[in-house]
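Residue numbers (my numbering): 1 to 359.
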């Protein structure tokens, strides 16, 4: 005789509910020359799917239920100015700024935590957090290695000393024991950044002078971090894979002034573990689009037997101001790996020229 589960203890629904609250202000001054708007909002997403642990006597380890809750708060602001200098020159300036953050308020399992590399999602935490080991420089010689192992560790039940980094040698990284228990484990990871920007900005400029026009679009992120997974793959120094040119800067007795540990197969000290080595500031400001155009006067077009004729030149991704060492600071790894740079392909700078006409 066999038994099977007839009905779940809790009814499962594939849907979830979202509740919005917002408040905003829209205003204009000087006969609409200046426009201003600002809005703040709260979005509560409830009944998200989550796993709930149940008795093993049921034959199942967990049950999927609607018991997750996420709160997103944010703000959006826009300022537009329409101006002119004489009758021939007109311009529009458009500045916008936005900010948001998402917090996982609850799950069926109050101890829920999902980790992928430096990304950590947990109840009470914000999406985009980077948790990693903090480093404290490179061990330079045998004396430093001996002192580090003798001063950082713990005693076992028999009173024997167990070094925190037993395989540390010259050229290896020191890692910080955040909780002081003499062991290096996940409890020693520290919140070192966030892949969600504190502010995203945009700036658009439109200039018109007689038959000429110029349009420029700028955007960027402020207060944001990136986990440079590309750098991790190119500078991990623990395998026989191909590396980037920075591998030539790895520690050696002749090259002690570096932040890249020694190259050693197998990585006995685990120098390649998730750490602050690969977390960088990702702020940037980019001229994303630029176009200059000229429209032939209607009288001239009429003589040519056409209704309009436009000449233009332009480009995309003209320049980017950033201190980030990766290919693209605007890259993103998705909602659960926000701020991850997975060896994204470099964005190409493009230039174009064209003619547009109609009959």
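Beta carbons are placed, not taken as given, at the ideal position from N, Cα and C, and that holds for glycine.
Answer with buried or exposed for residue i, where buried requires no fewer than 16 other C-beta atoms within 10 angstroms of its C-beta.
i: residue 212; result: exposed
i: residue 178; result: exposed
i: residue 147; result: exposed
i: residue 229; result: buried
i: residue 196; result: buried
i: residue 346; result: exposed
i: residue 251; result: buried
i: residue 304; result: exposed
i: residue 23; result: exposed
i: residue 299; result: exposed
i: residue 227; result: buried
i: residue 288; result: buried
i: residue 357; result: exposed
Can you list, in chain order, the residues of its chain whose CB lies under 8 Å from that of residue i, leaving out five sequence neighbours each side?
i: residue 199; result: 97, 98, 99, 221, 222 and 223
i: residue 255; result: 249
Am I right that residue i and residue j are in contact with their C-beta atoms under 8 Å? What's the rounded C-beta distance?
i: residue 354; j: residue 342; result: The Cβ separation is near 35 Å, so there is no contact.
i: residue 339; j: residue 128; result: 6 Å
i: residue 83; j: residue 33; result: 7 Å
i: residue 205; j: residue 296; result: So it is not a contact: roughly 24 Å between Cβ atoms.
Within this structure, are the beta carbons of residue i and residue j separated by less than 9 Å?
i: residue 167; j: residue 269; result: yes
i: residue 103; j: residue 74; result: no
i: residue 275; j: residue 134; result: yes
i: residue 359; j: residue 306; result: yes
i: residue 325; j: residue 190; result: no
i: residue 131; j: residue 173; result: no
i: residue 176; j: residue 185; result: no
i: residue 261; j: residue 138; result: yes
i: residue 161; j: residue 171; result: no
i: residue 42; j: residue 21; result: yes
Please confirm if residue i has its CB atom under 9 Å from at least one CB of chain C.
i: residue 47; result: Among the protein chains of the structure shown there is no chain C, as only one such chain exists.
Leaving out five residues on either side along the sequence, give the residues of the same chain with a beta carbon under 6 Å from the beta carbon of residue i.
i: residue 243; result: 234
i: residue 122; result: 113
i: residue 44; result: 19 and 71
i: residue 329; result: 282, 284 and 322
i: residue 202; result: 96 and 219
i: residue 36; result: 27 and 79
i: residue 40; result: 23 and 75
i: residue 216; result: 205 and 290
i: residue 316; result: 289 and 350
i: residue 89; result: 209
Excluding the 5 residues preceding and the 5 following residue i in the sequence, name in chain order all residues of the same chain whose CB lies nearer than 7 Å to its CB.
i: residue 2; result: Here residue 2 scores only 47 on pLDDT, less than 50, and its place in the model is too uncertain to base an answer on.
i: residue 149; result: 163, 165, 166 and 168
For the region 182–245, which segments carrying the alpha helix (DSSP H) assignment without a break, of at least 4 residues, lie completely within its bounds, in sequence order?
-> 229–235
Kindly provide the ranges of any beta strand (DSSP E) runs that are 3 or more residues long and lie completely inside the region 287–329, ordered along the chain.
-> 308–322
Uninterrupted alpha helix (DSSP H) stretches inside the region 116–181 (no shorter than 4 residues) = 142–151
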